[in-house]
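Participant: Below you will find the structure I want to go over with you.
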Amino acid sequence: MNFGKIDSHVSNSRVSRLAWAVCLSGILSICLWFNTVYAAVDSDDDGVPDSSDNCVYVSNPDQRDNVTAFILGHGDKWKTSFEPLWAPADKSTTRVYVGGTIQVSGSDYTWSSDGKKIEFTTAPTLDDEVRLIVLEDKDGRGDKCSPDLTVDFDGIPDEGDNCPLVYNPYQEDTWGTSEGDACETGSGISEIYQVWAKIYEHSNYNGIEEVIRVDDVLLAGNAIGDDTVSSIRVGPHTAVYLYTLPNYGGTSEFFGRDDSDFMDNQVGHDTVSSIRMYSTAPIQVTKIDAGIDFWSGNKGHVGHISTLELQALVSGGSGNSIILEHDYVDSVQSITVTYNGSGDYVVSTTTTDGILDETSHFHYEGVAEVATTVVVESTSTPIPVAVEVSENKYIVQAGDYLFKIAVLHNTSVQSLVLANNIANADYVFEGQVLVIP
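No gaps in the numbering here: position 386 of the sequence shown is 385 in numbering that gives the first Met the number 0, and each next residue is one more.
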């Protein structure tokens, strides 16, 4: 959003005599100085005028300035003790990177500090890169504008970063897995997700695809890659923002529903580099030690499901439901939790009048599905357990919807609609037989 000069009819002689300036502050700051009116320039469209922006040409609305990195040298250009580097006295926030390792001191080199400067007293090998990373050091230059801060702007070179695509300058590794907490999956309590979006390489939901459940500052390390997204499907109660630059920079666009083609969009084809997601669900789902808690934004605490109840629900398979009586708030008679398979759940509340009220979706993989085998005696009545009626047909189960069915059978909603002559893609009924194209 660049603004140039706007000619004014203010008298030059009068203005020069008074030498006055008037600034009007609103959406734009407009300053009159002598015979020219200037509007505040914001070169990177991040909402911070260039005059106050610590990173003028790269969008960084948070103005984060928390890491300073100095490349001391590479190859035969590293600095010796004859060229000390000044650094903060508190060396606990200072890290030295040498050829793939990050530590304050180590066997491959030694260093000394008198509280003001850092000197290498043992030279690294000529092939090693040497750099100094100072945490909590504001140098007045935004992290996104520091060329030495690597791809995720945390200062840690990719070779030594335990989470190279996510900003984590402190390199926390709670579980000791050598993978940073910021990138950790599968450790500790499983996460609960209430948002999801599926992004596609090509328009009409074709090509490489990937399900996203959390914010991602850089898609370059993902299956779908950087600058490749051309269509998107958005999950229930999910708000998505796509950005054309890493770390939520550049042009952005909001998506609250599916979009089959970005051709006429603000972000356009093959431009997306980062994604942010927000939940609009009326019921917030939270993991607790005893199970899962449910909170309504309007009513407060509406109930919970215990770990044992959750395990019983999942063991019943997709489409299984459990009704839980709760009296946390007067307006809620019960909550119903339905398991839709593959870690997908739906929770809904019922009022004291017996009316279905608020409903939310969530994804949780903390309870594993257990495969069971049904043994049928020759004299007994067969138990209908299969949902597939033939190789290319499927019986709709409780909790199913077309997108879910399409994903399970590696097809598209559009193909299902055409193959089954479905008038309303938002509606399928339990027991309906669908042809899988």
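We treat Cβ as the ideally placed atom computed from N, Cα and C, and that holds for glycine. It should be emphasised that the depicted structure is a prediction, and the values quoted were computed from it without experimental measurement.
Once you ignore the five residues that flank Gln396 on each side, which residues in its own chain have a CB closer than 7 Å to its CB?
Facilitator: Residue numbering aside, residue 396 sits at position 397 when the sequence shown is read from its first letter. Answer for Gln396: Ser317, Gly318, Val386, Glu429, listed in chain order.
Participant: Measure the CB-CB distance between Tyr192 and Ala238 and report whether it falls below 9 Å.
Facilitator: If you number the sequence shown from 1, residue 192 lands on position 193. If you number the sequence shown from 1, residue 238 lands on position 239. No; because the gap between Cβ atoms is not below 9 Å, this pair is not in contact.
Participant: Quick check for students: name the residue ranges of the alpha helix (DSSP H) that lie wholly in the segment 299-368, counting only runs of 4 or more.
Facilitator: 306-314
Participant: Assign Gly141 to buried or exposed, taking buried as 16 or more other Cβ atoms, counted over all protein chains shown, within 10 Å of its Cβ.
Facilitator: As a working note, residue 141 is residue 142 in the sequence shown. Buried, by the Cβ-count rule.
Participant: Taking just the CA atoms, how far does Gln265 sit from Gly249?
Facilitator: Residue 249 sits at position 250 when you count from the first residue of the sequence shown. Residue 265 sits at position 266 when you count from the first residue of the sequence shown. Taking the straight line joining both Cα atoms gives about 11 Å.
Participant: Below 7 Å CB to CB, which residues in the same chain sit around Ser379 once its five sequence neighbours on both sides are set aside?
Facilitator: The residue given as residue 379 occupies position 380 in the sequence shown. In this prediction, Ser379 has a pLDDT of 40, which is less than 50 and means its spatial position is unreliable; what the coordinates show is noted afterwards. So the list is empty, once near-sequence residues are dropped.
Participant: Kindly give me the distance between the Cβ atoms of Asp138 and Thr67, rounded to whole angstroms, as I take these residues to be in contact under 8 Å.
Facilitator: For the purposes of this step, residue 138 is taken as residue 139 along the sequence shown, with counting starting at 1. For the purposes of this step, residue 67 is taken as residue 68 along the sequence shown, with counting starting at 1. Their Cβ separation, rounded to whole angstroms, is 5 Å, which keeps Asp138 and Thr67 in contact under 8 Å.
Participant: So the alpha helix (DSSP H) Asn419 belongs to, where does it begin and stop?
Facilitator: Translated into positions along the sequence shown, residue 419 becomes position 420. Looking at the DSSP string, the run of the alpha helix (DSSP H) that includes Asn419 is 412-419.
Participant: When DSSP builds the beta bridges, which residues end up paired with Thr285?
Facilitator: The count along the sequence shown starts at 1 and reaches residue 285 at position 286. Looking at the DSSP assignment, Thr285 forms a beta bridge with Asp292.
Participant: Gly248 by DSSP, collapsed to three states: which one?
Facilitator: Along the sequence shown, read from residue 1 onward, the residue named residue 248 stands at position 249. Note: Gly248 maps to strand in three-state DSSP.
Participant: If we ignore side chains and look at the alpha-carbon of each, how far apart do Arg232 and Leu241 end up?
Facilitator: Indexing the sequence shown from 1 puts residue 232 at position 233. Indexing the sequence shown from 1 puts residue 241 at position 242. Annotation: Arg232 to Leu241 spans about 12 Å, alpha carbon to alpha carbon.
Participant: Between which residues of its own chain and Val434 is the CB-CB distance below 7 Å, once the five residues before and five after are set aside?
Facilitator: The count along the sequence shown starts at 1 and reaches residue 434 at position 435. Within the same chain, Asn391, Lys392, Ala418, Asn419 come within 7 Å of Val434 by CB-CB distance, once the 5 residues on both sides are set aside.
Participant: Express the C-alpha separation of His325 and Thr227 in angstroms, rounding to a whole number.
Facilitator: Position 228 of the sequence shown, counted from the start, is the residue given in the question as residue 227. Position 326 of the sequence shown, counted from the start, is the residue given in the question as residue 325. When rounded, the distance between both Cα atoms is 47 Å.
Participant: Just the C-alpha distance for Asn297 and Pro281, rounded to the nearest angstrom, thanks.
Facilitator: Locating residue 297 in the sequence shown gives position 298, where the first residue counts as 1. Locating residue 281 in the sequence shown gives position 282, where the first residue counts as 1. A direct Cα-Cα distance of roughly 8 Å separates Asn297 from Pro281.
Participant: Measuring CB atoms only, is the segment 199-218 touching the segment 256-272, in the sense that at least three cross pairs come out at less than 8 Å?
Facilitator: yes
Participant: How many whole angstroms separate the CB atoms of Phe361 and Asn246, which I take to be in contact at a CB cut-off of 8 Å?
Facilitator: Here residue 361 refers to the residue found at position 362 of the sequence shown. Here residue 246 refers to the residue found at position 247 of the sequence shown. Incorrect: roughly 27 Å between the Cβ atoms, too far for contact.
Participant: Whose C-beta lies closer than 7 Å to the C-beta of Asp214 among residues of the same chain, with five residues either side of it excluded?
Facilitator: Here residue 214 refers to the residue found at position 215 when the sequence shown is read from its first residue. Around Asp214: Ile274, Arg275, Met276.
Participant: Please classify Asn409: is it buried, with 16 or more other beta-carbons within 10 angstroms of its beta-carbon, or exposed?
Facilitator: Taking the sequence shown and counting its residues from 1, the one referred to as residue 409 is at position 410. That one is exposed.
Participant: Of the choices Asp352, Asn53, Thr337, Val336, whose alpha-carbon is the least far from that of Asp329?
Facilitator: The residue you call residue 329 lines up with position 330 of the sequence shown. If we check each option's Cα against that of Asp329, Asp352 comes out closest.
Participant: Return yes when the Cβ of Asn59 is within less than 9 Å of the Cβ of Asp45, no when it is not.
Facilitator: Position 46 of the sequence shown holds residue 45. Position 60 of the sequence shown holds residue 59. The answer is yes: Cβ separation under 9 Å.
Participant: So, with DSSP's three-state summary, where would you put Asn409?
Facilitator: What you label residue 409 is simply residue 410 of the sequence shown in a count that begins at 1. Per DSSP, reduced to three states, the secondary structure at Asn409 is coil, with no helix or strand assignment.
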